[in-house]
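Residue numbers (our numbering), protein chains in the order written: chain A, 6 to 464; chain B, 7 to 123; chain C, 107 to 299; chain D, 35 to 201.
We put the beta carbon where it would ideally sit given N, CA and C, even for glycine.
Down below is the structure, laid out as C-alpha cells.
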Amino acid sequence: MAANPTPGTTTAARAEPAQLETRDMLLNIGPAHPAMHGIIRIVAKLDGEQIRSAEVEIGYLHRGFEKMAEVVDYNGVIPYTDRLNYVSPLINNMGYCMAVEKLLGITVPERCHYVRVILSEISRVTDHLTCVGATAMELGAFTVFLYMIKAREFLWELVEKVTGARMTVTYCRVGGVKADLPDGFQEPCRKAFQETRKVIAEAQGLLQRNRIFTDRMNGTGVISAEDAVSYGITGPFLRACGADYDVRKDCPYAVYDRLPFDVPVGTRGDNMDRFLVRMEEMEQSMRIVEAALREIPPGPVLVNPGTGRPIPAAEMVDLAKMGKISAITGGCAVACPTLEGSGRDRHPSIATDEKRVFLPPKEDGYGNIEGLMQQFKLVMHGHGVRPPKGEVYFPVEGANGELGFYVVSDGSGSAYRVRVRPPCFAIMSALHMLLSKDMIADMVPTFGSVNMIGGELDR
Amino acid sequence: MTEYIGIAVTFVLAGGIAGAMVFLSSTLGKKHPSAVKLAPFECGKDPFSLPMGRLAIKFYLTAILFILFDVELVFLYPWAVDFRNLGLVGLTEMGIFLGVVMAGFVYAWDNGALEWK
Amino acid sequence: MNTSSLIESVKVRFPAAVSAFHAWRGDATVVVRREFLLEVARHLKEDPALKMNYLMDLTAVDYSTFGKKPAPALFSSSGVAVKPAAQIPDEDPWPGPPSSSRFAVVYHFYSTAHKHRLRLLVPVEETAAQLDSLTALWPGADWLERETWDMFGIAFRGHPNLKRILMYEGFEGHPLRKDYPVNRRQPLIGPVN
Amino acid sequence: MQKEPSFLTSRLNEAIGWARKFSIFQYPFVTACCGMEYMATACSHYDVDRFGAGFPRFSPRQADVLFVVGTISHKMAPVLKRIYDQMAEPKWVVAFGVCTCTGGFYDNYATVMGIDTIMPVDVYIPGCPPRPEMVLDGLMKLQDKIQDQHATGRRPAPEARPEILES
C-alpha cells in the first residue's frame, strides 16, 4: 500500500507527478461515541477525509431477550418487549400480543383494535420525533432537538394518561389491553396534537431551508431501492428510496384497512428524503389517530352490574376470611375504579371473552368464585396462558420497518421460542455500503437517519 | 512612553490570569497519571495505530490556505485603527492589497483547492 | 397466490426436496431437506410466479426439549397435584416439529409484488450443523446467518466472514441452545472492588 | 491523624465544593432505554441545566461525572471501565436506572449485574426508567456529596450496605 516513490528520480518530468501513496488510517469510531448512540462500533478505513470502507460491529447491548422470553410466561414477556424498540414501545407490545393471539386463534373486540391502533400511532410519532430531533442535534441544530423533545413530552403525557407510564408502558396483554382509554380522551389528544403540529411546523421551518442542514443531508447515504430490498430493509428507510412497502397497507392488521392514511414515498433515497418521509409520516399517524378516535365503538357496555348491595371489594374479602358469610351474601363487590382491570362494564369491550386467556374484571375476581378461580388459574406459576402447540409469524409495521414476531409454542405455560425480526437490523447490515465513498462527516447524518435502536438491534 | 503602559498592563493581566488558572488547577485537582489514563481516548477501544506515516496532502493544503488569509487579516488591523486619517490614499492601497489576495483566493477556489476530492 | 397454491407450486417444482408442509394459522410452511436449500431459494427468488424478493428473517429453533418440559403441578410443595387446565382445543392441530433432528433453521420470505409470505423450515442435525449460505442471493442474509451461528452454532458454507455478531469474542458456547443455562456468565471483567 | 479542619481550610473546602457542585460536566454514557429518559431530563421540560449540569461532555478528559445510563452488557463492560479510568480526578459515577444499579430484570448470561461490581459508584438512581424527577433528586444527592467532599478528594465514608437477612 505505501509505495515509496522510487528514489533518485531527480527531474520530475512535466507529466503527471508520481502520485505519492498515503497509508489509509484505521479509525475506531467506537461504542462510546455521541453520534453512535452509545453502542455501535464502526472501524473506518480512512483516506484523509473519505471513508474507503467501514466495518460495523454491534452487540454491545445484547441483553438476551430471546433467552428471557423462554424463561418467563407469555404475559411476562410483555415488559421485555417494551424495551426492544424503546422509542416506540407500544408497537412492540401490540406486535407480540397479536402474534400470540394468532397462535391462540382468538380475536379481540373491535374497540380493543382501535385502542391498539391509536396508541401504536402515537408511539410512532414519538419515535419519529426522537429520530429527527437527534439527527438534527448531531448536525448542530440543538434547538430543533429541544423543540422535538418538548413535543414528545406532550405525547408521553398522553400515553401516561392511558397506560400510567411514559415509556416502559407494558400496556398490552395477550387477548386485550390492560385498561380502556380514560373518559374524554379526545380533548387532551386534540390539544397534544395541536402542540405537536406546531412544533413540527417550527422544525420544518428551521431545517427545510437551512443551508447547513440541506447541504449535509442532500446526496449523502444514498441507497437504491433494489439494494435496499436485497438487504431486507423495510420502513421509512425503504420508502425513501421509492419502494412503497408498508405492512399497514400491504398486509393490513387490526383496523388499519378501515382508517384513511397515505404512505409517503421518497425518490432519491438519501438522508434528506428519509427526513422528509419521517416528517410526513408523523402527520399521517396523527391523521390515523384522529380518524380512529372518531370511529371508535363506544366504551362502557352496560353488563349486568351484579345484583345486590355493593360492598367494597377489600371489605368483602376480609369478611369472607373472618367467615362472616352472612354479611356478604347477596352483596356484589365494588372495586375502586383506578384498580387495574376494574370496571366490569368496560371489560368486554377491551378484552377477549376467552376465559383461559384474560384475567376477569376485579369485581368478579373478588366478588364470585368463578372469577376467583379464573384469576387463580391464570396467575399461578406454570399455568397462565397455555396456547396450543404451534408456530406463528406476525408482522407489524414498526417505526423502522417490518417488526415480526415468530412464536413457537410447545403447549406449556411459557413460550418455547420467541424470535423478533428487528427492522433496524437489516438497515444496519447495509450501513457499510451506505458509509463507503462518503466523507467522515457524512457518517453522522447517515447513522442518524438509520434510526438504529440498540434494544431492537441487539435484543 | 505612557502609551506603552497599557500594553504592559494587558501582558501582566493576561500572564497573571493564565498563571493563576494553571496553578489552581494543579493544586486543587491533583494529577494521578496511570497507564490507561495516559493512553489516547478512542471511544473506549485501543487505537489501531497512532497517526504516524504520511497523511493526505489535502490537510496541508487547507492549513496553508487558512494561514494565508489569516495573515492577510493582520495587515488590515493597522489600517482599520485610523483609516480616517489615511484617507483615500490608504483606501486605494488597501484596495490593491486586498485585490491581489482575492485574486489568489479566486485562483485557489477555481482550481478546486477547497473541495475535498 | 394463496397459501395452498403457493405450497403446491413449490412441491410440484421440487418433489424430492419437500419432506413436509402445512398452512397452520394461514402461514404457508414448507419443510425442505438440507441439500436442496440453495436450489429452492434461488427458485423462490427468480421464479416470476413467486418473486420472493425479500428474505425477511432467518433464525433457528432448538427442538431438543420440545414437549419434554414437566408441566408444574399446582401446590407441588404440599403434595396435592392438580393437573393444569387443558389446552385450548384446536380444531386442526399443528403437525409438530419439522423432523426429529435437533435444530430447524427457519427462513421467512415475502414478495412485495404478489404480497404473499412463505416460511421455509430446514431441519439440521446437531452433528452436521452446516447449511449453504444465502448471502449470494440476498446480501441481507449475511448478518442474519452470523447471528444464527453466534446463537445456535449452525455454520453456513460460503459465508464471507462467519464470526460472532452479538456476543464478544471470548464467549464459549451458543447461548440460545436449550442446554445453555440462562445465567451462566462468562464475564470479561470480574468484580473489581 | 487528620488535623482539626481550621477556619481557612474548611471555608476553602466549602467554596470548592460549592463551585464544583454547580458546574458538573457530565459524560452521558448512554446505552439503552434510560437514554430516552435522560434526554427528557436534559431537555427543556425537566431541564437538568437548572442544577448546572446541563453541559454534556463526550470526552472523559473533560468530564467530572460519569452518568452510566442503560444496561451494561459484558461486551460493553471493558469499554465502560476504560472510560472510567480515563476520567480525570475528581470524578464521580452516577448509576442511572436499575440496570446499572443491579442489572434489572435481565438476569442472564449477557448482562453485568450492577456496575458497582466493576467500578465505585457514588449515587444510585433506581427505576426502569427513573422518572425525571427521580433523576433530579439523584443529582441533588450527588451535589450534596460533592459539597461536603474535601478539596483533597477524600470522600465521607459510604453508608453501610444493609445486611441481607438470611431468609
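| Check | Outcome |
| --- | --- |
| Residues near C:S182 by beta carbon distance below 6 Å, same chain, minus five either side | Residue confidence is low: C:S182 scores 47 on pLDDT, short of 50, so the model does not pin down where it sits. Its coordinate-derived value is still stated next. Contacts found: none. |
| Under 8 Å between C-beta atoms of D:V15 and D:A194 | Outside the displayed span of chain D (35 to 201) sits residue 15 of chain D, for which this structure offers no information. |
| Alpha carbon of D:C135 to alpha carbon of D:M153, nearest angstrom | 11 Å |
| Where D:S86 meets chain A, residues with beta-carbon distance less than 9 Å | Going by the sequence as given, residue 86 of chain D is Gly instead of Ser. Simply none; closest approach about 18 Å. |
| Cβ-based neighbour list, A:L377, same chain, cut-off 7 Å, excluding 5 preceding and 5 following | G370 |
| Where D:P124 meets chain B, residues with beta-carbon distance less than 7 Å | G35 |
| Of the residues A:E200, A:K166, A:C177 and A:R292, the one placed nearest A:G189, counting alpha carbons only | A:K166 |
| Alpha-carbon spacing of A:L66 relative to A:L89, whole angstroms | 11 Å |
| Opposing strand residues paired with A:P315 [DSSP bridges] | A:C337 |
| D:V103 to A:P392 span [Cα, whole Å] | 37 Å |
| Proximity to A:V425 [Cα-Cα], best of C:R208, C:E197, C:T165 and C:D256 | C:T165 |
| Beta-carbon gap between C:L272 and A:D463 smaller than 8 Å | yes |
| Three-way DSSP call (helix, strand, coil) for A:Q55 in this model | strand |
| Buried/exposed call for A:A206, threshold 16 Cβ in 10 Å | exposed |
| Length at least 4, wholly inside the stretch 90 to 176 of chain A: the alpha helix (DSSP H) runs in chain order | 94 to 109, 115 to 143 and 147 to 168 |
| For B:M7, the three-state DSSP class (helix, strand or coil) | coil |
| CB-CB length for C:A247 against C:L240, believed under 8 Å | 4 Å |
| 7 Å Cβ cut-off: residues of chain D touching C:L62 | Summary: the structure shown does not reach residue 62 of chain C, with chain C confined to residues 107 through 299, and so no result is reported for it. |
| Proximal residues, the stretch 29 to 42 of chain A versus chain D, C-beta separation under 8 Å | G35, P36, A37, H38, P39 and H42 |
| C-alpha distance - A:G138 paired with A:S290, whole-angstrom precision | 17 Å |
| N-terminal and C-terminal residue of the alpha helix (DSSP H) that A:V204 is part of | Q191 to Q213 |
| Opposing strand residues paired with A:R424 [DSSP bridges] | A:Y411 |
| Counterpart residues of A:G181 in DSSP-defined beta bridges | A:R178 and A:A356 |
| 8 Å contact criterion, which A:V384 and C:R131 should meet: CB distance rounded | Not a contact, Cβ separation roughly 27 Å. |
| Check: D:T65 C-beta below 7 Å from any heavy atom of the ligand SAH | As far as ligands go, the structure on display features none, and thus does not contain the ligand SAH. |
| Secondary structure of D:V155, DSSP reduced to three states | coil |
| CB of D:V132 within 8 Å of CB of D:G172, strictly | no |
| Paired residues, beta bridge with A:G459 - DSSP | Paired residues: none, contrary to the question. |
| Neighbour-count burial assignment, A:Q55, 16 or more Cβ in a 10 Å radius | buried |
| 8 Å Cβ cutoff met for A:G453 and A:E106 | no |
| Interface positions of the stretch 91 to 109 of chain A facing chain D (Cβ-Cβ less than 9 Å), listed along the chain | Y91, V92 and P94 |
| Interface residues of chain A facing C:P229 [CB-CB closer than 8 Å] | Simply none; closest approach about 14 Å. |
| Bridge partners - A:N33, DSSP secondary structure assignment | A:V48 |
| Proximal residues, the stretch 60 to 73 of chain A versus chain D, C-beta separation under 9 Å | G64, Y65, L66, H67, R68, G69, F70, K72 and M73 |
| Residue from A:P187, A:V182, A:K360 and A:E286 with nearest C-alpha to A:Q379 | A:K360 |
| Top-ranked residue by Cα proximity to B:S32, from D:L170, D:K175 and D:P124 | D:P124 |
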